[in-house]
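Participant: The following block contains the structure, expressed as structure tokens.
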């Protein structure tokens, strides 16, 4: 095993200074990072423990009526917090759909955002051909086992998918990720936080070296009455989504006033179905309208040998989730 140094950061400034050093990474709950280290996928030289930084675990209201969730808030605590359950039930549902109770008790909101994409070839170092792990080596999944892989936004460099349930809900809710780093603080719209693979599949996010996630900010709640997180997976628990849908609606009687639709399990990042949202806006929730709107979400899908079923599955899941969110199913 490689030698690893460990440092417990007393505050955010110290953590950022330490993590700016080559080979240093932050560690919170460690539920993904430690697996990567044990498998030889990640080889950090230094672990910077941020779990004792005061304030990063807090969940607190914002002046505009929104909600700030600290990066060190445990997934289970965030899911069961009264404000999250009442004002952002979509997020609570998504968090509770992820992993297992034991993992949710350890995993943090910030760590959830940083999960590495899921791919058999990325996690198995016996396969050298993985552009995410070994840039320039190729993508074994293109011609290999690709049942769980992306149908949207992929490239010839990588077709892996983002594994986070929480992130799909945050994408639909237009969250903002707040970070602090060597150059100060900045706010990243959620749509800009995760990357598509393009020519650099080794980069999952737009974070700069040394930047620390401090919180996730939610806008004032608009969708508490009409939202649904639907996760389709191979087994009822402790499984990643084949396809998931976060559906959030504002209704005016039986007509959609505003719609937010995000998909999981289909791309390298949570996938906003903006054309579907536009088509639903101002329309009643008829089955014909929903089916046409859902088809727009996968219009540019590019399935591979084993995952073509996701194209129809995504459409059916969108229809079902929107019907449930709108109270017509």
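Numbering (the UniProt record's numbering), first residue to last: 1 to 329.
Glycine residues also receive a C-beta, built at the ideal position from the N, C-alpha and C atoms.
Because the structure is a prediction, the values reported are computed rather than measured.
Between residue 305 and residue 318, what straight-line distance do the alpha-carbon atoms span, to the nearest angstrom?
Facilitator: Rounded to the nearest angstrom, the two C-alpha atoms are 23 Å apart.
Participant: If we require 4 or more residues per run, which alpha helix (DSSP H) segments fall completely within the region 105-190?
Facilitator: The qualifying runs are 109-113, 120-123, 165-172.
Participant: To the nearest angstrom, report how far apart residue 161 and residue 268 are at their CA atoms.
Facilitator: The straight-line gap from Cα to Cα measures roughly 4 Å.
Participant: Got a sec, what are the start and stop residues for the alpha helix (DSSP H) residue 326 sits in?
Facilitator: Looking at the DSSP string, the run of the alpha helix (DSSP H) that includes residue 326 is 309-326.
Participant: Threshold first: 3 residues or longer. Then list the beta strand (DSSP E) segments lying entirely within the region 193-234, N to C.
Facilitator: Counting whole runs of 3 or more residues, the region 193-234 contains the beta strand (DSSP E) stretches 212-218, 227-232.
Participant: Excluding the five sequence neighbours on either side, which residues of its own chain have a C-beta within less than 7 Å of the C-beta of residue 147, listed in chain order?
Facilitator: Excluding sequence neighbours, residue 147 sits near 306, 307.
Participant: Check the C-beta distance from residue 41 over to residue 25 and give it rounded, since I have them as a contact under 8 Å.
Facilitator: Contact doesn't hold; Cβ gap of about 13 Å is too wide.
Participant: Please classify residue 49: does DSSP put it in a helix, a strand, or coil?
Facilitator: Reduced to three states, the DSSP call for residue 49 is strand.
Participant: Measure the alpha-carbon distance for residue 85 versus residue 127 and round it to whole angstroms.
Facilitator: If you take the alpha carbons of residue 85 and residue 127, they lie about 42 Å apart.
Participant: Classify residue 235 as buried or exposed, calling it buried when 16 or more other Cβ atoms lie within 10 Å of its own Cβ.
Facilitator: Exposed, because fewer than 16 other Cβ atoms sit within 10 Å of the Cβ of residue 235.
Participant: Does the distance from the CB of residue 208 to the CB of residue 178 come in under 9 Å?
Facilitator: Not closer than 9 Å, so no.
Participant: In chain order, what residues of the same chain have a beta carbon less than 6 Å from the beta carbon of residue 115, not counting five sequence neighbours either side?
Facilitator: Counting only Cβ-Cβ distances below 6 Å, and skipping sequence neighbours, we find 32, 163, 164.
Participant: Helix, strand or coil for residue 245, going by three-state DSSP, please let me know.
Facilitator: Strand.
Participant: Under a three-way DSSP split, which group does residue 303 fall into?
Facilitator: Looking at residue 303 - three-state DSSP - the assignment turns out to be coil, as it is neither helix nor strand.
Participant: Does the beta-carbon distance from residue 270 to residue 259 come in below 9 Å?
Facilitator: Against a cut-off of 9 Å, the Cβ pair of residue 259 and residue 270 comes out as no contact.
Participant: Applying the 10 Å Cβ sphere with the 16-neighbour rule, what's the burial state of residue 229?
Facilitator: Counting Cβ neighbours within 10 Å, residue 229 comes out buried, since at least 16 surround it.
Participant: Can you give the Cα-Cα distance for residue 7 and residue 285, rounded to whole angstroms?
Facilitator: Roughly 54 Å between the two C-alpha positions.
Participant: Determine the closest residue to residue 171 out of 299, 12, 90, with distance taken between C-alpha atoms.
Facilitator: Checked all of 299, 12, 90; the closest Cα to residue 171 is 90.
Participant: So residue 188 packs on residue 176, CB below 8 Å; how close in whole Å?
Facilitator: Going by Cβ atoms, the distance from residue 188 to residue 176 rounds to 7 Å, so yes, they are a contact pair.
Participant: Would you check if there are 3 or more beta carbon pairs closer than 8 Å linking the region 70-79 to the region 108-125?
Facilitator: Result yes; three or more Cβ-Cβ pairs closer than 8 Å.
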